[in-house]
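These notes are about the structure you will find just below.
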Amino acid sequence: MALMLYERYKKKKYLNLVYRYASFLLHAQNEKGRFKNFMRYDRKWLEEEGSEDCFGRCLWALGFALSNQHTPGGVKHGLLHLLEKAMPHVANLNSPRSKAYSLIGLAHLEGENIKRLIFEVAHSLCRQYDQYKDGEWKWFENIVAYGNYVLPWSLLEAYRVCGEKKFLNVAGESLEFLGRITFKHGYFKPVGCKGWLVKGGDPAEFDEQAVEACEGVLTYLKAFEATGERNYLQKAEKCHEWYEGFNSKGISLIDREAGGCFDGLTENGLNLNMGAESLVSYVISYLKMRIF
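Under numbering that gives the first Met the number 0, read the sequence shown as residues 0 to 291, first letter to last.
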């Protein structure tokens, strides 16, 4: 996000954030090359090692920053050190979302070793997809839970790097399945986090979380780039419009006075918390949509 803001507005305050967030990643990595996640208010870590999803998101950030022309050289040197320590863990990941986030980060990088790793991890996701898909159920698990869009998105990235048609086919099929769920009312409505969608059941109505709209935007834009099909671009626009009131409650999640983004939609309206993830998600979505 900080690099995207600097790229668009060229303000030093955003470059300062790049240094700050890179320092935090450096502080978060443990001796094994994995990343801590939760920190107390007194800046003490609550764990020695975070989740695999945390690891994947860190790899996404590293890959993006290392490939970005605006990342200062000294910062890139430090981030490369973090990446080298983290890389041995990628092949042993179990969580499909961690694999997906890692693929998205690795796809920003170059080199035959990186390409081979992308190919192997993407194939592992395809194998999982083939294991769980069944009739009309075209998904990677028996549940549609959180961070769903990153799964087809990661395969679109792998297709771009490797040119493997299987990756594109699974991405397209799973994305169509997910879209039938999240756009059945005409507007974007992510699966609610209070129960998710278990195979054979109905999707939970609430709570709708802000990060899902952003990842929807990024996925549909990548699908549009890969195929040229304009319906993907239209879906990306609807995902972004979710923040601005085109949603199940008809309420904007953007508080322009406070400069924040509410955490989501509940059965009773807005979740009045304004977490960092929600604001980061909105800003990334906003900046990406400005390009298109």
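Ideal Cβ positions, reconstructed from N, Cα and C, are used throughout, including at glycine.
| Item | Value |
| --- | --- |
| Nearest to Asp254 by CA position, among Pro202, Tyr281, Val169, Ala60, is which residue? | Tyr281 |
| Return the first residue and the last residue of the alpha helix (DSSP H) that Gly263 is part of. | Run containing Gly263: none in the alpha helix (DSSP H); it sits in the beta strand (DSSP E), 263 to 265. |
| Going along the chain, which residues of its own chain have a beta-carbon closer than 6 Å to the beta-carbon of Ala304, five neighbours each way excluded? | This structure leaves residue 304 out entirely; the chain is present only between 0 and 291. |
| Tell me where the beta strand (DSSP E) around Gly194 begins and ends. | Taken as a continuous stretch (DSSP letters only), Gly194 belongs to no beta strand (DSSP E), as it is neither H nor E. |
| Closest by CA to Val149, which one among Ala222, Asn267, Gly32, Glu228? | Ala222 |
| May I have the straight-line CA-CA distance separating Cys238 from Tyr5, to the nearest angstrom? | 24 Å |
| Compare the Cα-Cα distances from Glu163 to each of Leu177, Trp195, Val120 and report the closest residue. | Val120 |
| Assign Gly268 to one of two classes, buried (16 or more other C-beta atoms within 10 Å of its C-beta) or exposed (fewer than that). | exposed |
| With respect to the beta strand (DSSP E) encompassing Leu269, which residues constitute its N-terminal and C-terminal limits? | 268 to 270 |
| So, for Phe245: in the same chain, excluding its five sequence neighbours on each side, which residues have a beta-carbon less than 6 Å away from its beta-carbon? | Tyr186 |
| Anyone know if the C-beta pair for Lys193 and Asn141 falls short of 8 Å? | no |
| According to DSSP, Trp59 sits in a beta bridge with which residue or residues? | DSSP, once it has assigned bridges, lists no residue as partnering Trp59. |
| Using three-state DSSP, classify Gln68 as helix, strand or coil. | coil |
| Am I right that Arg96 and Asp52 are in contact with their C-beta atoms under 8 Å? What's the rounded C-beta distance? | 5 Å |
| What residue does the alpha helix (DSSP H) around Asp41 start on, and which one ends it? | No alpha helix (DSSP H) holds Asp41; DSSP gives it neither H nor E. |
| So, with DSSP's three-state summary, where would you put Ile142? | strand |
| For Gln208, is the classification buried or exposed, using 16 other Cβ atoms within 10 angstroms of its Cβ as the cut-off for buried? | buried |
| Per DSSP, Cys260 is paired with what? | Ile253 |
| Which class does Phe34 belong to by DSSP, given the choice of helix, strand or coil? | strand |
| With distances taken Cα to Cα, identify the nearest neighbour of Leu116 among Val143, Lys188, His88, Trp136. | His88 |
| Secondary structure at Glu243, three-state DSSP: helix, strand or coil? | coil |
| Against chain D, with Cβ distances strictly below 8 Å, would Val89 count as a contact? | Among the chains in the structure shown there is no chain D, since it carries only a single protein chain. |
| How many angstroms separate the CA atom of Ala90 from the CA atom of Met288? | 33 Å |
| Tell me which same chain residues have a C-beta within less than 6 Å of the C-beta of His69, skipping the five on either side of it? | Leu2, Tyr5, Glu6 |
| What is the rounded straight-line gap between the Cα of Arg179 and the Cα of Lys137? | 11 Å |
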